[in-house]
């Protein structure tokens, strides 16, 4: 099983990259699977001679005859459903049950044996196993096993296209599962009922059941159930022409199947995604996916899904006008479907052969297959099934309502008794409630006052900081302009140099004033405005030094609000980083990027310059200022540098720090 799972992951990797390297990788892994199958067959042959029995099987065989041995066989069979070697263990288990008169264990063993037969498409045997299991479970009041037997009967009936019988079993299982609070089994029932509605074309009802099943599967940590519900929701979207949504849910389902190494589920999702790609006209991609599904279904010997895969390949080859290949695929599907007694796949194959002969200009053959297709046309059955579905759901709802009314009446009688004995208690609770309510109101008002004071203090701190910045930045530069003006008045030789300095100081003053105006302007309280301001500052700096640059902030964060202090600190960290790389790095390339992550927004300023030694930081590079600004907004900051290897400044701010404070 692990080898197959790795193959499935590699196939998925092929889907993502689609290059020659992936083709080679794919075919090597397919060869590996075939080798493993040969080895497995050899191992099975050895097991029959007694020389290659797996260690766990050997341990079970050596156990003393007891009920615990039967339970161990059942547990092993559930984990190894596709291993034909466990036939021996089933025979041993049934013999022990007869010997020990372990009838309660017989129901569970029959259930496991039925699932085993179903996986190898032996549906008549599976129905017999689950029916006997159901009867024994009911005799011993074993509700859990009874639910499993009912759901398994429903699954087998669905496999052989008897939807009315399937629905009866699944609704019965759902009623019992809800009664005992078995979320896992309830999710299985809901998923199966949704599948029946899908087959009958009741897509809105199907979605409702799948979503209910998905909630319960997630609650019960039933990854297989989650995967199945995702796939089934995707199927409904595919049938209704919503292909993008279908692909989304199929891919979610595939991820869960890969997580639990469910090869059959992986094959089903390859088929599902391929079906959508075929309908979108991407036939070559669809054929590739169907071939991957075929490799898996051939390996696990699931004949139902082998027939489904052959039909999918047949339709894809037909769409790409590969008529000979298409015809062979449909014939293969018919042979398998007849062998296991499944009508739906036969109908699909006959329909495909009818269309194939129409396109190939063989009207006589097309007419013959059209008659065969119509023989399997189940429109009347669908109508009858729909009526039966509604009747069964109504009966289920009536029984559920009756049970609810009985429970309400019992609860009412109990409540009347409680009321007589709890009047004084109620008065006490009322007084306590009023006290708690009053305390809560006082606490809330106090909290509001504290928050208001906190905001006022923050505003005061920001104003103080702005005043300090005005004094430090503009005061020093204006003083410099004054000094240079005096020197200019007295000097006669270096006027151009002094004028240049005066111009530079005036520009710095204007930039500082522009930053302060931008900061205090209320309309600039979003990331989009920050991004624009960063560009306005950085681009001229980069262009002045012929630095190739890339600046990118994602659209997903553009509307996130930013409080003034956070906006100011983010800009000043980026500004300090840009100043350093322009002045000292001697770089030719630089990037300023932001990334939207689940809980944080990350920023990165990178250059390919000469770097510096982090152990010899000076006040000139402003590292301490950047670290202080990051701390003030509870952000993490990381500066990565080395001599000759460029510099990267990264910092992360929590989304709640941005949005909550702005609110």
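Residue numbers (UniProt numbering): 1 to 663.
Just so you know, even glycine gets a beta-carbon here, dropped at the ideal spot from N, CA and C.
Option in the options with minimal Cα separation from residue i
i	options	result
residue 373	360, 353, 208	353
residue 578	632, 546, 538, 200	538
residue 356	329, 334, 337, 318	318
residue 640	628, 604, 653, 633	604
residue 529	253, 558, 196	558
residue 282	320, 314, 300	320
residue 55	68, 85, 81	85
residue 570	527, 543, 612	527
residue 251	268, 241, 239	268
residue 567	533, 257, 585	533
residue 524	549, 562, 643, 536	562
residue 586	92, 546, 552	546
residue 649	615, 643, 616, 591	591
residue 237	205, 438, 266	205
residue 154	304, 360, 417, 196	196
residue 302	340, 286, 129, 157	340
residue 646	627, 607, 245	607
residue 553	574, 531, 413	531
residue 643	210, 610, 630	610
residue 89	112, 435, 107, 102	112
residue 199	295, 239, 223	239
residue 350	342, 128, 371, 336	371
residue 651	574, 613, 612	574
residue 107	456, 572, 128	128
residue 233	223, 222, 220, 209	209
Exposed unless 16 or more other CB atoms sit within 10 angstroms - verdict on residue i
i	result
residue 345	buried
residue 453	exposed
residue 447	exposed
residue 63	exposed
residue 308	buried
residue 44	Residue placement at residue 44 cannot be trusted, given a pLDDT of 42 that sits under 50; what the coordinates show is reported in the next sentence. Exposed, since its Cβ has fewer than 16 Cβ neighbours within 10 Å.
residue 703	Missing from the structure shown is residue 703; the chain here goes from 1 to 663 and no further.
residue 656	exposed
residue 564	buried
residue 625	exposed
residue 78	exposed
residue 638	exposed
residue 425	exposed
Endpoints, the beta strand (DSSP E) within which residue i is located
i	result
residue 261	Premise fails: residue 261 is in no beta strand (DSSP E) and is neither H nor E.
residue 330	From DSSP, residue 330 is part of no beta strand (DSSP E) but of the alpha helix (DSSP H) over 323-340.
Residue-chain proximity (residue i, chain B), Cβ-Cβ < 7 Å
i	result
residue 321	Judged by its chain identifiers, the structure shown contains no chain B, having just a single protein chain.
Alpha helix (DSSP H) segment containing residue i, residue limits
i	result
residue 149	143-159
residue 74	67-79
residue 636	No alpha helix (DSSP H) contains residue 636, which is instead part of the beta strand (DSSP E) from 636-641.
residue 86	First-last for residue 86: undefined, no H or E at that position.
residue 627	623-632
residue 651	First-last for residue 651: 647-654, but that is the beta strand (DSSP E), not the alpha helix (DSSP H).
residue 172	163-180
residue 130	123-139
residue 200	Looking at the DSSP string, residue 200 is not in any alpha helix (DSSP H), and its letter there is neither H nor E.
residue 59	55-62
residue 118	103-119
residue 357	343-359
Legend entry - At least three beta-carbon pairs within less than 8 Å, the region 87-99 to the region 266-284: no
Legend entry - Complete beta strand (DSSP E) runs within the region 543-617 (minimum length 3 residues, chain order): 548-552, 589-596, 600-607
Inset, instruction - For the region 286-298 and the region 308-323, state whether three or more C-beta atom pairs, one from each stretch, are separated by less than 8 Å. - result: yes
Legend entry - Sequence ranges, alpha helix (DSSP H) only - wholly within the UniProt repeat "TPR" (227-260), length at least 4: 243-259
Legend entry - Three CB pairs or more closer than 8 Å across the region 324-339 and the region 142-150: no
Inset, instruction - Indicate whether the contact test is met: 3 or more Cβ pairs, each with one atom in the region 134-146 and one in the region 155-163, closer than 8 Å. - result: no
Legend entry - Meets three-Cβ-pair contact criterion under 8 Å: the region 253-267 and the region 224-231: yes
Inset, instruction - Give a yes or no on contact between the region 200-217 and the region 182-192, applying the rule of three or more CB pairs nearer than 8 Å. - result: yes
Inset, instruction - Count the C-beta pairs between the region 629-640 and the region 588-598 that are closer than 8 Å, then say yes if the count reaches three, no if not. - result: no
Legend entry - beta strand (DSSP E) runs contained entirely in the region 270-332, provided each spans 3 or more residues: none
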